[in-house]
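First up is the structure itself, then whatever we jot down about it.
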Amino acid sequence: MSPTSETANGGRRLVIVESPAKAKTIKGYLGPGYVVEASVGHIRDLPNGAAEVPAKYKGEPWARLGVNVDHDFEPLYVVNSDKKDQVKKLKSLLAESDELLLATDEDREGEAIAWHLREVLKPKVPVRRMVFHEITKHAIQEAVNNPRDLNQKLVDAQETRRILDRLYGYEVSPVLWKKVMPRLSAGRVQSVATRLVVERERERMAFRSAEYWDLTGTFATGRTGDTSDPGTFGARLTAVDGRRVAQGRDFGSDGQLKAASATAQVLHLDEATARGLAEGLRDSAFSVRSVESKPYRRSPYAPFRTTTLQQEASRKLGFGAKVTMQVAQKLYENGFITYMRTDSTTLSDTAISAARAQVTQLYGADYLPDRPRTYSSKVKNAQEAHEAIRPSGDRFRTPAETGLTGERFKLYELIWKRTVASQMKDAVGQSVTVKVGGRSVDGRDAEFSATGKIITFHGFLKAYVEGADDPNAELDDRERRLPQVAEGDPLTADELTADGHSTKPPARYTEATLVKELEEREIGRPSTYASIIGTILDRRYVFKKGTALVPSFLSFAVVGLLEKHFGRLVDYDFTAKMEDDLDQIAAGDAESVPWLRRFYFGTGGPEGGGGAGPAASAADSGNGDGDHLGGLKELVSDLGAIDARGISSFPVGDGIMLRVGRYGPYVEKPSDNPDEPGQRADVPDDLPPDELSVEYAEELLAKPSGDFELGTDPETGRPVVAKDGRYGPYVTEVLPEGTPKTGKNAVKPRTASLFKSMSLDSVTLDDALKLLSLPRVVGVDPESDTEITAQNGRYGPYLKKGTDSRSLESEEQLFTITLDEALAIYAQPKQRGRAAAKPPLKELGTDPESEKPVVVKDGRFGPYVTDGETNATLRRDDDVETITAERAFELLADKRAKGPVKKKTAAKKTTAKKAPAKKAPAKKTAAKKTAAKKTTAKKAPAKKTAAKKAQAAE
């Protein structure tokens with residue numbers, strides 16, 4: 015009996031997907047015989063901490079790992095606490111169903127979720143796997159009619175990956191807690207990604223700039239009047255007396271000419287030589303020495319896969335990887351695009367037909383190639399059986415037809431354009447190089463070069479032009495027209511300019527370029543890059559400066575420790591090899607348990623199993639040699655060799671050391687006198703490491719620290735000092751020795767916060783005395799005979815009259831406001847409830863999740879971002895002026911993921927009514943008698959509800 019006929023005969027099917035949004039969309043495509051419900055992601059996982067470990071396993075030595083390493087690495091899975099109600103609901107729906115269709119995503123993770131659902135629900139009805147890569151009516155009906163069985167190989171590969179990551183994280187992270195600081199984490203891919211960012215910063219720190227000069231000339235042909243043939247063009251000096259003029263590519267990171275350039279006798283022009291040459295050529299005659307023309311052809315880019323979508327969304331839309339995937343997820347769940355986690359660049363026949371139809375419709379038949387274009391993925395071990403990311407359906411909706419807005423519209427338009435362009439003709443044209451020569455008054459021969467490009471047929475460029483990571487790079491559709499010239503044509507130099515240049519250090523990674531680097535090194539999976547970048551940002555290993563990813567000093571300490579003591583675990587080739595091994599397990603060419611055994615216990619030992627598996631496997635993770643190669647367990651067993659202070663210390667120069675402490679980075683300089691303490695100063699957390707120079711460190715050390723003595727209060731005779739406190743800078747008086755600080759005779763020193771316009775290094779004694787004089791008596795209200803005072807509070811300056819308070823507009827009013835002005839404020843009706851909403855500090859666009867406008871506001875506890883439903887406080891590295899829409903969306907997404915804050919409810923008091931009399935129970939033990947005496951005679955013990963009993967049982 016087919017699935018369709020079974021449903022038609024009255025059977026009921028339960029379809030389980032991951033998300034409620036997907037469930038809602040799919041439900042509309044299925045008939046009344048189907049119930050569609052969401053698992054809301056994973057329903058179970060390895061325990062997240064000791065509290066989630068079931069009681070019967072708590073005494074096991076492997077319990078903290080959640081993996082029984084002594085019994086074939088058997089994982090201990092527990093149902094997530096926040097998913098128990100959903101699991102109960104799914105079981106209830108399954109009890110009323112005749113068939114279970116597991117419709118999770120068609121990738122390793124989706125296959126594992128489906129397997130977990132089957133294991134937890136324990137269905138007694140037929141179970142099939144329903145897969146699709148787009149949510150359209152046709153695709154869903156095809157998936158229902160063609161179910162398959164669970165792919166256990168994919169499940170095994172995903173389980174192995176999860177267990178591997180747990181072992182890595184739970185064994186290596188505690189090393190960081192002990193040797194660097196608490197609450198740090200290590201991870202198979204996140205640590206390698208952090209190392210990439212740190213290594214790039216090291217390159218920048220070691221970089222030495224080189225200065226070089228050349229000339230730019232503006233040359234005229236003498237012809238005017240033809241707009242298609244410009245009369246002038248620019249050219250750059252390329253050779254002098256036959257020697258090529260040095261450019262930036264000729265210099266190494268040490269600021270010197272590279273060996274190859276020096277051997278080739280490349281000419282390095284300095285400023286004086288360049289300016290002299292420009293002057294000597296100023297009145298020279300120039301001519302065209304050569305004109306070289308060759309055809310230009312550019313083919314379309316392949317349709318998007320996960321990583322190329324993330325890169326291009328970053329370049330064109332300013333989206334981070336996390337935001338891109340969030341927006342794409344919503345587009346997929348609502349039926350606008352195909353599945354967004356894919357390594358494939360292949361388009362189905364249906365998609366090719368839809369794209370070609372739109373090319374003809376929108377651009378004309380001239381832009382349509384004779385045969386469909388096909389693309390093959392360049393990703394090694396691309397395992398997901400999906401198409402490229404494209405608009406869904408057999409007819410593509412144009413962006414205007416979707417009804418989408420905000421970020422969803424922008425991303426859909428990007429995907430749509432790229433897909434349509436992939437089925438268009440090449441762009442063709444001509445590229446031209448013109449060489450111009452002249453001789454200076456002192457006989458030096460100078461040659462200039464100019465390049466041009468003319469596109470005669472734009473082809474796919476009419477629809478789409480790819481962005482570039484380098485902001486100075488020229489895009490494919492950029493034309494540069496040169497005049498029609500021939501060899502020997504005379505030219506005049508309208509202008510000659512000597513130009514100085516400096517070589518630049520390698521650019522820091524952005525999210526887009528880091529994703530590209532990870533993929534090129536074959537590290538991790540494309541579907542995980544967004545979460546990995548999110549993790550290293552959240553752990554403060556990396557922070558953003560504009561779009562650049564900057565490593566923190568903390569990450570230098572972490573990476574340094576891992577490189578020195580766990581070198582193989584952060585080796586790029588080793589990490590890539592692990593992906594190969596996991597792919598072999600997914601393909602059935604390798605077994606999970608032997609691989610994990612060798613990774614954890616090593617090879618050659620009793621647990622390692624000797625030669626199980628290929629010798630070149632990345633599971634051979636130790637640093638030993640000979641027959642035994644130590645595993646992860648052995649690596650973390652002896653931490654005595656790790657010098658905690660050493661791995662967190664970095665020389666700055668001139669005896670100054672940068673140290674990473676538990677409370678942040680600081681610089682330290684020893685005293686010349688060994689009996690005296692050295693200097694120490696905190697380093698700003700957001701200082702890029704390559705900007706910490708000896709000079710800057712000296713500035714930090716020279717800044718005064720501790721208490722700033724301002725003078726003596728002439729009225730009290732007490733010293734007044736300024737301090738930098740936990741809640742900001744403030745001034746206070748110093749009480750005499752012996753002044754009681756506790757008890758009924760205690761004396762509290764006067765204290766006042768500095769105004770926002772003040773700073774510790776500029777506040778004066780007069781300023782401090784004025785601040786300490788607050789609250790100030792403004793006068794007495796003649797009607798109520800109540801004193802009015804001006805005070806500075808936690809939420810700003812205000813007036814107080816009895817219990818009636820009114821806000822002031824500025825701190826300066828505390829000292830200037832008169833009684834008449836105060837009375838005028840009190841004469842105004844008091845605003846009830848909340849104060850009038852402050853205008854937003856900044857508008858950032860529409861949130862991809864809630865589709866509501868996001869703004870930055872100034873709140874009671876500082877600036878925060880909000881979409882009207884969710885509020886997220888800006889973190890220490892965030893700044894109101896520089897925060898991007900992408901960063902705001904990330905903060906809101908993180909806040910939503912954490913869920914609402916659970917309020918602690920006080921235990922209800924039992925009623926004062928007497929408990930009903932009961933017959934005396936049998937004899938009590940001494941312990942029970944003692945406990946009974948402690949209870950009051952008036953209160954009855956509270957009864958447990960059924961829900962509480964069930965909760966207690968769990």
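For our numbering, add 14 to where a residue sits in the sequence shown, where the first one is 1. Even glycine gets a Cβ: it sits at the ideal position worked out from N, Cα and C. What you are looking at is a predicted structure, and each value in this text was computed from that prediction instead of being measured.
Distance from Leu779 to Ala766 at the Cβ level is roughly 13 angstroms; contact not present, criterion being Cβ atoms closer than 8 angstroms. As computed with DSSP, Ile469 is found in a beta bridge with Gly443. With contacts defined as CB atoms closer than 7 angstroms, Gly692 and Pro684 qualify as a contacting pair. Its chain contains Phe333, Thr338 as the residues whose beta carbon lies nearer than 6 angstroms to that of Ala327, once the 5 sequence neighbours on both sides are disregarded; these appear in chain order.
Non-local beta-carbon contacts of Ser821 in its own chain, meaning distances under 6 angstroms to residues more than five positions away in sequence, involve Tyr812 in chain order.
Going by C-alpha positions, Leu610 is about 40 angstroms away from Pro405. Leu596 and Lys344 have their C-alpha atoms roughly 29 angstroms apart.
Between the C-alpha atoms of Ala220 and Ala260 there is a straight-line separation of about 22 angstroms.
Under DSSP, the beta-bridge partners assigned to Phe247 are Phe233. Counting other Cβ atoms within 10 Å of its Cβ, His147 reaches 16 or more and is therefore classed as buried.
Under the three-state reduction of DSSP output, Phe474 falls in the helix class.
In the DSSP assignment, Ser205 falls within the alpha helix (DSSP H) that extends over 204–220. Taken atom to atom, the span from the alpha-carbon of Ser358 to that of Ile403 is near 8 angstroms. Of Glu215, Val446, His472, Lys871, the smallest CA-CA separation from Ser307 is found for Val446.
For Glu125, the CB contacts under 6 angstroms within the same chain, skipping 5 residues up- and downstream, are Asn165, Leu168, Val169 in chain order. Going by DSSP, His130 is part of the alpha helix (DSSP H) stretching over 122–135.
Between Ala288 and Ala512, the C-beta spacing is below 7 angstroms. Every alpha helix (DSSP H) stretch that sits fully inside the region 316–369 and reaches 4 residues is listed by chain position as 320–331, 335–347. In this chain, the alpha helix (DSSP H) harbouring Met592 covers 586–600. Closest by C-alpha distance to Arg411, out of Ala371, Gly443, Ala441, is Ala371. About 58 angstroms separates the Cβ atoms of Ser541 and Leu295, ruling out a contact at the 8 angstroms cut-off. Secondary structure in the region 664–709: the beta strand (DSSP E) runs of 3 residues or longer, each lying completely within the stretch, are 670–675, 678–683, 693–696 in chain order.
Taken atom to atom, the span from the alpha-carbon of Glu113 to that of Leu60 is near 28 angstroms. Counted as a single uninterrupted DSSP element, the alpha helix (DSSP H) harbouring Tyr840 occupies residues 833–841.
Pairing Arg209 with Val650 gives a Cβ-Cβ distance that is not under 7 angstroms. One Cα belongs to Gln827, the other to Thr730, and the distance between them is close to 26 angstroms. DSSP places Pro608 in the uninterrupted alpha helix (DSSP H) bounded by 606–615.
The beta carbons of Glu120 and Tyr353 sit about 7 angstroms from each other, so the pair counts as a contact at 8 angstroms. Per DSSP, the continuous beta strand (DSSP E) segment holding Ser516 begins and ends at 504–516. Looking only at Gly262, Leu108, Phe247, the smallest Cα-Cα distance to Val49 is reached by Leu108. Bounds of the beta strand (DSSP E) holding Tyr744 are 742–747. Leu331 is the residue among Arg180, Thr800, Leu331 whose C-alpha sits nearest the C-alpha of Gly420. With a beta-carbon spacing of about 7 angstroms, Ile661 and Lys193 fall inside the 8 angstroms limit used to define contacts. When C-alpha distances from Ala460 are compared across Asp881, Lys467, Ala299, the shortest belongs to Ala299. If you draw a straight line from the Cα of Thr832 to the Cα of Ser824, it is about 14 angstroms long.
Counting the other Cβ atoms within 10 Å of the Cβ of Val448 gives 16 or more, which makes it buried.
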